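Written below as structure tokens is the structure these notes are about.
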Amino acid sequence: MKLLVTGGAGFIGSAFVRLIAGATEHSVLVLDKLTYAGNLENLAPVARNPRYRFHRGDIADLNGVSQLVADYAPDAIIHFAAESHVDRSILSPEPVFETNLRGTFSLLEAARRHKTPRFLHVSTDEVYGSLEEPHEADETYPLKASSPYSAAKAGSDLLALSYYTTYKMPVVVTRASNNYGPYQFPEKLIPLMISNALEEKPLPIYGDGMQVRDWLYVDDHCRAIFSVLQKGREGEIYNIAGSRSLPNLTVVKEILRITGKPESLLTRVADRPGHDRRYALSSAKLERETGWRPEVPFEQGLVETVEWYRANADWVARVKSGAYRDYYEKNYGSRVSA
Ligand code: NAD
Ligand code: TYD
91 MKLLVTGGAG
101 FIGSAFVRLI
111 AGATEHSVLV
121 LDKLTYAGNL
131 ENLAPVARNP
141 RYRFHRGDIA
151 DLNGVSQLVA
161 DYAPDAIIHF
171 AAESHVDRSI
181 LSPEPVFETN
191 LRGTFSLLEA
201 ARRHKTPRFL
211 HVSTDEVYGS
221 LEEPHEADET
231 YPLKASSPYS
241 AAKAGSDLLA
251 LSYYTTYKMP
261 VVVTRASNNY
271 GPYQFPEKLI
281 PLMISNALEE
291 KPLPIYGDGM
301 QVRDWLYVDD
311 HCRAIFSVLQ
321 KGREGEIYNI
331 AGSRSLPNLT
341 VVKEILRITG
351 KPESLLTRVA
361 DRPGHDRRYA
371 LSSAKLERET
381 GWRPEVPFEQ
391 GLVETVEWYR
401 ANADWVARVK
411 SGAYRDYYEK
421 NYGSRVSA
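Count along the sequence shown from 1, add 90, and you get the number used in my numbering.
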């Protein structure tokens, strides 16, 4: 198969490309704008693979995307590209609208025009919003997005599914819980805390730190996407849950334990506006229909992730130079200790 992978230079997209290049005979063309989150270093392990190609472009450019799909004629589009961070979406929502909504629209239109045989839209459990104990969202759970990020993802999910209903386009949607693992940009909880802990900088805990997230190792996520690509039914949604649900504070204390750093680094800061308290997800449907299961226990995945950040200090230093400092100041500078 020829796969067109959008956002393939980001955290999860690059893990997917490395998986496809290493474990299958499929060819991959990555379409990526290389925003602050896109990094060709993430694709260095596949750079010499003859079945891999890279194209720099914006998914919101309908003509460009349409031409690319016409020329490459992919058997499937796997759509990862997004503005993916809640805090950034709160600070500046416009790129979120452009990429997550207009960008998804352009890709769907290009796929419709050129009759792409499969379109897999990668989404998130955040579209279900915050759930009270003991509820878990299955795929029929109502949408209740809280941030510009999750609202735009929910909108893009509905748009993708409407192309199935209206045009009979072969669309499938996946919704995964919080990912962690190597190559994650240090703006999300786990890589930010690992990176700050290794540098003995304060670890900023939003509010009381008792918000709950369900943690999915990135390679487990990529294997699930590959299963859905092969076996998922058209017009269907598949949740992809992680191996462990934990309060943020527990996760961050575990990072301090693994890195051997003191708990005095924990710093309470002002809470995120509209902060979702708890995400909880069931992937019973995916497990039943494809046989997929998460394979990496959280404790093991976290130790391996810390080791990766320790061993890749140069990668971290490069992504944290320049614009990262401006973002850090903008997001954390005004958050006085709570
Ligand atoms: P990321 O921020 O690490 O990477 C996003 C990639 O998209 C980058 O390479 C970036 O350059 C590219 N991109 C952004 N705007 C673009 C545009 N207009 N045109 C082309 N490329 C563009 O994101 P991630 O964490 O790897 O997430 C990938 C997908 O998975 C997203 O759709 C996200 O919503 C979804 N998701 C993420 C998580 C998570 O925990 N990170 C969980 C569930 C679902
Ligand atoms: P994040 O990784 O941004 O993912 P999401 O908000 O999409 O679930 O955040 C995970 C949790 O960690 C969330 O409850 C917010 C919290 N958090 C902090 O407490 N401090 C931080 O510096 C960050 C980035 C997140």
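Each residue gets a CB set at the ideal place from its N, CA and C atoms; glycine is no exception.
Since the structure is predicted, the reported quantities are computational estimates derived from the model, not experimental observations.
Could you give the C-beta distance for residue 239 and residue 169, rounded to a whole number, given that I count them as a contact under 8 angstroms? Taking the sequence shown and counting its residues from 1, one reaches residue 239 at position 149. Taking the sequence shown and counting its residues from 1, one reaches residue 169 at position 79. Between residue 169 and residue 239 the Cβ distance is about 16 angstroms, and since that is not below 8 angstroms, they are no contact.
Return helix, strand or coil for residue 187, following the three-state DSSP convention. As a first step, residue 187 must be located in the sequence shown, where it is residue number 97. Reduced to three states, the DSSP call for residue 187 is helix.
Leaving out five residues on either side along the sequence, give the residues of the same chain with a beta carbon under 6 angstroms from the beta carbon of residue 215. For the purposes of this step, residue 215 is taken as the residue at position 125 of the sequence shown. Hits under 6 angstroms: 265, 267, 369 and 371.
Any heavy atom of the ligand NAD closer than 7 angstroms to the CB of residue 219? In the sequence shown, residue 219 corresponds to position 129, counting from 1. No, the beta carbon of residue 219 sits no closer than 7 angstroms to any heavy atom of the ligand NAD.
Figure out for me which residue from 194, 306, 131 and 314 has the closest Cα to the Cα of residue 280. Here residue 280 corresponds to residue number 190 of the sequence shown, with the count starting at 1. Answer by Cα proximity: 306.
Determine, using beta carbons only, whether residue 293 and residue 356 come nearer to each other than 8 angstroms. Residue numbering aside, residue 293 sits at position 203 when the sequence shown is read from its first letter. Residue numbering aside, residue 356 sits at position 266 when the sequence shown is read from its first letter. Contact flag set, yes.
For residue 262 versus residue 193, is the C-beta distance shorter than 8 angstroms? Along the sequence shown, read from residue 1 onward, the residue named residue 262 stands at position 172. Along the sequence shown, read from residue 1 onward, the residue named residue 193 stands at position 103. Cβ distance not < 8 angstroms, so residue 262 and residue 193 don't count as in contact.
Where the alpha helix (DSSP H) containing residue 342 begins and where it ends: Here residue 342 refers to the residue found at position 252 when the sequence shown is read from its first residue. Segment 338 to 349, the alpha helix (DSSP H) holding residue 342.
What first and last residue would you give for the beta strand (DSSP E) that runs through residue 254? Taking the first residue of the sequence shown as position 1, residue 254 is located at position 164. First-last for residue 254: 238 to 257, but that is the alpha helix (DSSP H), not the beta strand (DSSP E).
Indicate, with yes or no, if the ligand NAD has a heavy atom lying under 7 angstroms from the CB of residue 395. Stepping through the sequence shown from its first residue, residue 395 is reached at position 305. In this structure, residue 395 has its beta carbon at no less than 7 angstroms from each heavy atom of the ligand NAD.
CB-CB under 7 angstroms to residue 111, same chain, minus the five flanking residues each way: which ones, in chain order? Indexing the sequence shown from 1 puts residue 111 at position 21. The answer, listed in chain order, is 118, 136, 139, 141 and 142.
Starting from residue 264 and walking both ways along the alpha helix (DSSP H), at which residues does that stretch end? The sequence position of residue 264 within the sequence shown is 174, counting from 1. Not the alpha helix (DSSP H): residue 264 falls in the beta strand (DSSP E), residues 261 to 266.
Just to confirm before moving on: does the CB-CB distance between residue 395 and residue 276 stay below 8 angstroms? Here residue 395 refers to the residue found at position 305 when the sequence shown is read from its first residue. Here residue 276 refers to the residue found at position 186 when the sequence shown is read from its first residue. Contact flag unset, no.
When you compare only the Cα positions, how much space is there between residue 326 and residue 269? By one-based count along the sequence shown, residue 326 stands at place 236. By one-based count along the sequence shown, residue 269 stands at place 179. When rounded, the distance between both Cα atoms is 22 angstroms.
Would you call the region 119 to 128 and the region 92 to 102 in contact, with 3 or more CB pairs under 8 angstroms? yes
By Cβ distance, which residues of its chain are closer than 6 angstroms to residue 282, with the 5 residues on each side in sequence left out? As a position in the sequence shown, residue 282 is number 192, starting the count at 1. Within the same chain, residue 282 has close Cβ partners 276.
What distance in whole Å lies between the Cβ atoms of residue 154 and residue 161, which are believed to be in contact at a cut-off of 8 angstroms? Locating residue 161 in the sequence shown gives position 71, where the first residue counts as 1. Locating residue 154 in the sequence shown gives position 64, where the first residue counts as 1. Not a contact, Cβ separation roughly 11 angstroms.
Use the C-beta contact count for residue 404: other C-beta atoms within 10 angstroms, 16 or more gives buried, fewer gives exposed. One-based indexing of the sequence shown puts residue 404 at position 314. With fewer than 16 Cβ atoms within 10 Å of its Cβ, residue 404 is classed as exposed.
Nearest-angstrom Cα separation, counted from residue 191 out to residue 184: As a position in the sequence shown, residue 184 is number 94, starting the count at 1. As a position in the sequence shown, residue 191 is number 101, starting the count at 1. Each residue's alpha carbon lies about 10 angstroms from the other.
Please tell me whether, using a cut-off of 7 angstroms, the distance from the CB of residue 386 to the nearest non-hydrogen atom of the ligand NAD is below it. Taking the sequence shown and counting its residues from 1, the one referred to as residue 386 is at position 296. For the ligand NAD, not one heavy atom lies less than 7 angstroms from the Cβ of residue 386.
What does the Cβ neighbour count give for residue 352, buried or exposed, with the cut at 16 atoms within 10 Å? Looking up residue 352 in the sequence shown gives position 262. Label assigned to residue 352: exposed.
Taking 7 angstroms as the cut-off, does the CB of residue 148 come closer than this to any heavy atom belonging to the ligand NAD? As a first step, residue 148 must be located in the sequence shown, where it is residue number 58. Checking the Cβ of residue 148 against the ligand NAD gives yes.
Across which residues does DSSP place residue 167 in a beta bridge pair? Taking the sequence shown and counting its residues from 1, the one referred to as residue 167 is at position 77. Residue 167 pairs with 94 and 209.
Are the beta-carbon atoms of residue 236 and residue 220 separated by less than 8 angstroms? Taking the first residue of the sequence shown as 1, we reach residue 236 at position 146. Taking the first residue of the sequence shown as 1, we reach residue 220 at position 130. Result yes, Cβ atoms of residue 236 and residue 220 sit closer than 8 angstroms.
Mapping DSSP to helix, strand and coil, what is residue 416? Here residue 416 corresponds to residue number 326 of the sequence shown, with the count starting at 1. Note: residue 416 maps to helix in three-state DSSP.
Under the three-state reduction of DSSP, which class applies to residue 329: helix, strand or coil? Along the sequence shown, read from residue 1 onward, the residue named residue 329 stands at position 239. Reduced to three states, the DSSP call for residue 329 is strand.
Beta carbon of residue 325: closer than 7 angstroms to some heavy atom of the ligand NAD? The residue you call residue 325 lines up with position 235 of the sequence shown. Taking 7 angstroms as the cut-off, one finds no heavy atom of the ligand NAD near enough to the beta carbon of residue 325.
Regarding residue 429 and the ligand TYD, is the C-beta to nearest heavy atom distance less than 7 angstroms? With the chain covering 91 to 428 only, the question about residue 429 has no answer from this structure.
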